[in-house]
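Residue numbers (full-length UniProt numbering): 1 to 332.
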């Protein structure tokens with residue numbers, strides 16, 4: 001039995017009546033074989049009706065936040081290639097075919113649409129600066145395989161989708177996706193896509209400082225969970241430095257007089273050094289647990305075949321198709 005590779009497009013939307021129809025039509029023109037799902041995220045306008053009229057399959061997600069939509073879609077939609085794109089028509093949906101082709105030809109687990117601004121005002125200065133700062137932080141902590149960490153235009157393989165925990169609630173979901181790929185060293189590619197201003201009647205849901213602070217918190221939290229030895233080593237180092245600063249005068253007094261006149265300071269310095277040692281030890285224990293969790297996630301990832309354009313031949317539901325050559329992305 002021959003099974004053609006399946007493609008699905010997911011369009012998260014909150015009050016995108018003005019733009020979602022064009023996004024759906026562009027996706028259907030670029031990928032006529034794909035199913036287009038519009039997830040209406042608690043909209044109060046005619047987003048659902050417009051999307052349905054354009055030919056999309058409309059589903060509802062009542063919990064507001066893009067991360068909630070992604071979690072729901074990744075659980076519900078089953079496809080060999082899954083594309084996500086915002087419903088505000090700021091991304092060039094006509095490039096969907098190019099991005100899917102790159103995924104299959106790699107094969108890659110993730111293809112990111114790296115934004116190229118084509119209209120003045122499409123990308124506010126605060127967002128651009130924040131994106132560079134946050135992307136730099138992620139590159140320093142997890143690896144340097146990404147240039148546009150916050151892009152909302154991506155294509156994923158089935159094995160990425162089914163191994164991705166999707167814990168974020170709102171716009172920090174792109175950060176979570178990027179770090180998931182970097183930490184597991186999943187093969188990733190980028191395709192430059194045009195990024196334009198919203199159409200008339202559209203309203204940005206992003207808030208520069210609020211969302212930037214939320215994404216920074218996610219990065220710090222993921223660093224604590226994914227790089228515990230690094231985080232705990234830094235904390236232990238700071239504590240040890242404080243202990244040394246407090247302890248040097250005590251040691252100097254003891255060498256000079258043979259007594260310890262500053263007993264409280266000596267006890268405090270010793271206690272802080274003990275805490276530093278315990279923090280360092282906890283970091284190494286958590287690092288071992290993190291390594292075990294990564295192994296389990298990697299095994300889930302490897303349970304699915306690599307994306308391939310070639311049809312899969314199945315017997316009793318078990319794929320026996322050709323095994324494509326994989327390119328491994330560099331990681332930390």
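No residue lacks a Cβ here, since even glycine has one placed at the ideal position from N, Cα and C. None of the values given here were measured: they were computed from a predicted structure.
Apply the 10 Å Cβ neighbour rule to residue 108 and answer buried if 16 or more other Cβ atoms are within range, or exposed otherwise. buried
Between the C-alpha atoms of residue 270 and residue 69, what's the straight-line distance to the nearest angstrom? 50 Å
Comparing the C-beta of residue 287 with each C-beta of chain B, is any distance below 8 Å? Here chain B cannot be found, since the structure has a single protein chain.
Between residue 142 and residue 167, which are expected to be in contact by the criterion C-beta below 8 Å, what is the C-beta distance as a whole number of angstroms? About 16 Å separates the two Cβ atoms, so there is no contact after all.
Please classify residue 165 as buried or exposed, where buried requires at least 16 other C-beta atoms within 10 Å of its C-beta. exposed
Got a sec, what are the start and stop residues for the beta strand (DSSP E) residue 113 sits in? 110 to 117
Is it true that the CB of residue 118 sits closer than 8 Å to the CB of residue 194? yes
I need the boundaries of the alpha helix (DSSP H) containing residue 24, first residue and last residue. 20 to 30
With DSSP as the reference, label residue 366 as helix, strand or coil. In the structure displayed, the chain extends from 1 to 332; residue 366 sits before or after that span and is not available.
Measuring only the C-alpha atoms, how far is residue 151 from residue 55? 25 Å
Residues near residue 47 in its chain [Cβ-Cβ closer than 8 Å; skip 5 each side]: Excluding residues within five positions, the ones whose Cβ falls inside 8 Å are 13, 14, 15, 16, 17, 20, 38, 40, 87.
Residues of its chain near residue 9, where Cβ-Cβ distance is below 6 Å and the 5 sequence neighbours each way are ignored: 27, 34, 36, 83
Look at the alpha carbon of residue 263 and the alpha carbon of residue 173, and state the distance between them as a whole number of angstroms. 51 Å
By a C-beta neighbour count over all protein chains shown, 10 Å radius and 16 as the cutoff for buried, is residue 43 buried or exposed? buried
CB residue 113 to CB residue 158, shorter than 8 Å? no
Taking the beta strand (DSSP E) that residue 40 falls in, what are its first and last residues? Where residue 40 is concerned, the enclosing beta strand (DSSP E) starts and stops at 35 to 40.
Between residue 191 and residue 100, is the Cβ-Cβ spacing less than 8 Å? Against a cut-off of 8 Å, the Cβ pair of residue 100 and residue 191 comes out as no contact.
Please identify the residue among 179, 245, 257, 161 whose C-alpha is closest to the C-alpha of residue 134. 179
Sorted by chain position, which residues of the same chain lie with C-beta nearer than 7 Å to residue 65's C-beta, five sequence neighbours on each side aside? 169, 170
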